[in-house]
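A short worksheet on the structure shown next.
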Amino acid sequence: MNRDLEAAVDHIVQAFGSDRTRLMDMVIAVQQRFGHIGDEAVQTLAMALGVHAVEIEEMVSFYAFFDRAPRGRNRIRLSKTPISFMKGAKEVAQAFEQALGVKIGETTADGLFTLQWTSDIGLADQEPAALVNGVALSELAPADIPLIVAALRQADVSGALPAYPPHAPDAEKLAKSVIRSSLVQSGPLLSGSPVRAAGLRAALALTPDAVIEQITQSKLRGRGGAGFPTGMKWRLTRKASGIEHYIACNADEGEPGTFKDRLLLLEFPDLVFDGMTLAGYALGARQGLLYLRGEYASMWDALQRVLEERRKDGLLGANVGGKASFDFDIRIQLGAGAYICGEESSLLESLEGKRGSPRDRPPFPTERGYLGQPTAIDNVETLVCAARIMEKGAAWFTGLGTKESSGTKLMCVSGDCARPGVYETPFGITIHELLDLVGAPDAQYVQFSGPSGQAVAPKDFGRRIAYEDLSTGGSTMIFGPERDVLEIALQFADFFVDESCGWCAPCRIGTTLLKQGMEKVVAGRATLSDLASTEALANTVVRMSRCGLGQTAPNPILTTMSSFPELYEARLAAASFEPLVTLVDALREAVKVQGREPVTVDA
Ligand SMILES: Cc1cc2nc3c(=O)[nH]c(=O)nc-3n(C[C@H](O)[C@H](O)[C@H](O)COP(=O)(O)O)c2cc1C
Ligand code: SF4
Numbered sequence: 049m050n051r052d053l054e055a056a057v058d059h060i061v062q063a064f065g066s067d068r069t070r071l072m073d074m075v076i077a078v079q080q081r082f083g084h085i086g087d088e089a090v091q092t093l094a095m096a097l098g099v100h101a102v103e104i105e106e107m108v109s110f111y112a113f114f115d116r117a118p119r120g121r122n123r124i125r126l127s128k129t130p131i132s133f134m135k136g137a138k139e140v141a142q143a144f145e146q147a148l149g150v151k152i153g154e155t156t157a158d159g160l161f162t163l164q165w166t167s168d169i170g171l172a173d174q175e176p177a178a179l180v181n182g183v184a185l186s187e188l189a190p191a192d193i194p195l196i197v198a199a200l201r202q203a204d205v206s207g208a209l210p211a212y213p214p215h216a217p218d219a220e221k222l223a224k225s226v227i228r229s230s231l232v233q234s235g236p237l238l239s240g241s242p243v244r245a246a247g248l249r250a251a252l253a254l255t256p257d258a259v260i261e262q263i264t265q266s267k268l269r270g271r272g273g274a275g276f277p278t279g280m281k282w283r284l285t286r287k288a289s290g291i292e293h294y295i296a297c298n299a300d301e302g303e304p305g306t307f308k309d310r311l312l313l314l315e316f317p318d319l320v321f322d323g324m325t326l327a328g329y330a331l332g333a334r335q336g337l338l339y340l341r342g343e344y345a346s347m348w349d350a351l352q353r354v355l356e357e358r359r360k361d362g363l364l365g366a367n368v369g370g371k372a373s374f375d376f377d378i379r380i381q382l383g384a385g386a387y388i389c390g391e392e393s394s395l396l397e398s399l400e401g402k403r404g405s406p407r408d409r410p411p412f413p414t415e416r417g418y419l420g421q422p423t424a425i426d427n428v429e430t431l432v433c434a435a436r437i438m439e440k441g442a443a444w445f446t447g448l449g450t451k452e453s454s455g456t457k458l459m460c461v462s463g464d465c466a467r468p469g470v471y472e473t474p475f476g477i478t479i480h481e482l483l484d485l486v487g488a489p490d491a492q493y494v495q496f497s498g499p500s501g502q503a504v505a506p507k508d509f510g511r512r513i514a515y516e517d518l519s520t521g522g523s524t525m526i527f528g529p530e531r532d533v534l535e536i537a538l539q540f541a542d543f544f545v546d547e548s549c550g551w552c553a554p555c556r557i558g559t560t561l562l563k564q565g566m567e568k569v570v571a572g573r574a575t576l577s578d579l580a581s582t583e584a585l586a587n588t589v590v591r592m593s594r595c596g597l598g599q600t601a602p603n604p605i606l607t608t609m610s611s612f613p614e615l616y617e618a619r620l621a622a623a624s625f626e627p628l629v630t631l632v633d634a635l636r637e638a639v640k641v642q643g644r645e646p647v648t649v650d651a
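So for the sequence shown, my numbering puts the first residue at 49; every next one is plus one.
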């Protein structure tokens, strides 16, 4: 037995109170110390925690950012999305390959570097982007790459292990973050200088029930995508019986093209923590949990500093804000590269130190969430809205937006436009108006609300951004006339193959078959009957998958089929046989999903 490893693991396990539910943190710490989590580390962790090694193994193997085998001391993860490819990610990848003498996916012979692709890292407005030892670098150009590699080589002489999460001073020094602010247009929610704790103090002046009533009156709906009424969620959680109640902030932000939560956490962290704290007060919670995606690990230190300041200022801890008997604190849980952990029940599993497999529902988290106790899970933006509503009043919020969609929405705009970034816009504006605002006069295709959302064609640009019409988590990816819509749909299909958790067959197998179907389409080898079977399979995956990931994974294919049937038709194989079905027949199900008839089909 390796004594060094044993002592280090014991120390780490004790630092987390030998608490099995903190396994994510323990594994991160082991990886940070040894560079990977080898068989011996798994055994040692299992022994120290008194659990079977298989339990550790199955958890560690689930997350993309955990390594079972040694990798390069420096980890370069390049963001792989249709937007990053459009902006030159392939050329940047080639420059890295040249500078390092390895291909993507390989480690250099000296063990210094591993180069790989990773899913969207939350910088769609600043692609091509990469995580270098956990630190984000954006707007990379091939010419930058030799300099970055040289700096990393030089620093490595110090022998310090570049870190994930990147607390190590070396990592911060070596790969300086060049991210710029994403905020292009602020509105009532974010403009001015929001006063720290104003919303929290206003909430503490009321009873918890009155706070929930204010949020209900404001008609706030969840900003994570599904639009569930926040007041109702809080009421259900408060009412549910349990030994403890919890508020969890979902900062997993894995939907490609979304980066508003990164902005809020970087530039408005006090509003996020105000929202969490007042939610904790309303729910009767003593602990808040912020689930921060592994890709945002470089924010860790800054967020911890804000929490520390808030503790010093009496905004966390005992008697928060001077309110007798309201004790509340916040813990940040770092994720490790799994899109599925944004799904709320997977997030709970991950918070408890397990693999992020979705739970069966009911019971819903409001009844049985974190550690089996009532838990409200809210998106970062939702909690920021809650803080502002408590500060300014429910009527202020309902005075913005439309009848069913009060307030404003943070839209994350990327792709073919002059001014990508985050725009705070009133609900009710049309896609046309948004495209004008961001400088995209010749857009031919908008992927709305991320790959799990829908493909929108110009004939539908008059539709409104609101829960009444097009609801969204914020991702708005714009593609100009020179882009290949079908190739983009294929890339999104590939994303879902990578991110399927593999638990259920319809999603695990179905996403792979759908990708293969799209490959055939893109290559011009698909026939009408191939299209019909791809569409039928897509609908089966939607119907039979266990969770929201599988249920939305076919959307890029189904909605490009219904929005752009003419492109599919034009790409069909020139096979000389009499089709048994027409394209309209083949696309009937897709049309049903989209709710509209294609206009340009030659029936
Ligand atoms: C595959 C998948 C990924 C998701 N990712 C996120 C995410 O990154 N952030 C988020 O707030 N909600 C995400 N959601 C939605 C959450 O399950 C949940 O509805 C949301 O956190 C609730 O917060 P809200 O009511 O404030 O929107 C995801 C859902 C699915 C199915
Ligand atoms: S639908 Fe996909 S992500 Fe969801 S449980 Fe099944 S395999 Fe996992």
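Here a beta-carbon is modelled for each residue, glycine too, at the ideal position from N, C-alpha and C.
Legend entry - Close beta carbons around P256, own chain, < 8 Å, minus the five adjacent residues each side: R286, Y329, A330, L331 and G332
Legend entry - N427 Cβ short of 7 Å to ligand 1 heavy atom set: yes
Inset, instruction - For R310, count neighbouring Cβ atoms within 10 angstroms of its own Cβ and tell me buried if that reaches 16, exposed if not. - result: buried
Legend entry - heavy atom of ligand 1 below 7 Å from I388 C-beta: yes
Inset, instruction - Report yes if the C-beta distance between R125 and T166 is below 8 Å; otherwise report no. - result: yes
Inset, instruction - May I ask whether a heavy atom of ligand 1 can be found less than 7 Å away from the beta carbon of C549? - result: no
Inset, instruction - Excluding the 5 residues preceding and the 5 following F110 in the sequence, name in chain order all residues of the same chain whose CB lies nearer than 7 Å to its CB. - result: A386, R403 and G404
Inset, instruction - Could you check the C-alpha separation between V75 and P506 for me, to the nearest Å? - result: 48 Å
Inset, instruction - Mark G240 as exposed unless 16 or more other C-beta atoms lie within 10 angstroms of its C-beta, in which case mark it buried. - result: exposed
Inset, instruction - Flag this pair as yes or no: are the beta carbons of C433 and T524 separated by less than 8 Å? - result: no
Legend entry - Candidates R556, C555, S581 and G550, of which the one nearest G565 by Cα: S581
Legend entry - the stretch 568-580 touching the stretch 521-540, judged by at least three CB pairs closer than 8 Å: yes
Inset, instruction - Give the range of the beta strand (DSSP E) segment to which Y471 is assigned. - result: G469 to P474
Legend entry - Where the beta strand (DSSP E) through G336 begins and ends: Q335 to L340
Legend entry - Coil, strand or helix - N587 by DSSP: helix
Inset, instruction - Within its chain, find whatever has a CB closer than 6 Å to the CB of A366; leave out the 5 residues flanking it on each side and keep chain order. - result: D375
Legend entry - Where L195 falls, given that 16 or more other Cβ within 10 Å makes a residue buried: exposed
Inset, instruction - Kindly confirm or deny that the stretch 98-106 and the stretch 176-186 touch, where touching means at least three C-beta pairs closer than 8 Å. - result: no
Inset, instruction - Would you kindly check if the distance between the Cβ of G455 and the Cβ of L238 is under 8 Å? - result: no
Inset, instruction - Report yes or no: do the stretch 461-473 and the stretch 432-448 share at least 3 C-beta pairs separated by less than 8 Å? - result: no
Inset, instruction - Could you spell out the range, first to last residue, of the alpha helix (DSSP H) harbouring N603? - result: N603 to S611
Legend entry - DSSP-derived helix/strand/coil call for L518: strand
Inset, instruction - Output the distance between the C-alpha atoms of Y515 and N50, rounded to the nearest integer angstrom. - result: 57 Å
Inset, instruction - In the DSSP assignment, find the unbroken alpha helix (DSSP H) run with Y329 in it and report its ends. - result: P317 to L331
Inset, instruction - Report whether the distance from the Cβ of P304 to the nearest heavy atom of ligand 2 is below 7 Å. - result: no
Legend entry - Of the residues V354, G336, P277 and N298, the one placed nearest L314, counting alpha carbons only: V354
Legend entry - C552 beta carbon near ligand 2 (any heavy atom closer than 7 Å): yes
Inset, instruction - Confirm the yes/no value for this check: CB of S398, any heavy atom of ligand 2, distance under 7 Å. - result: no
Legend entry - 8 Å Cβ cutoff met for I85 and R116: yes
Legend entry - Cα-Cα separation, A251 to G420: 27 Å
Legend entry - Distance between S346 and Q62 (C-alpha atoms, nearest Å): 25 Å
Inset, instruction - Give me the Cα-Cα distance between A258 and F543, rounded to the nearest whole angstrom. - result: 43 Å
Legend entry - Among Q174, R123, F144 and V150, nearest to T129 - alpha-carbon criterion: Q174
Legend entry - Straight-line gap, V150 to M134 (C-alpha atoms, nearest Å): 23 Å
Legend entry - D218 versus F113: straight-line alpha-carbon distance, rounded: The pLDDT assigned to D218 is 46, lower than 50, so where the model puts this residue is not dependable; a value taken from the coordinates is nonetheless given after this. Roughly 20 Å separates the two Cα atoms.
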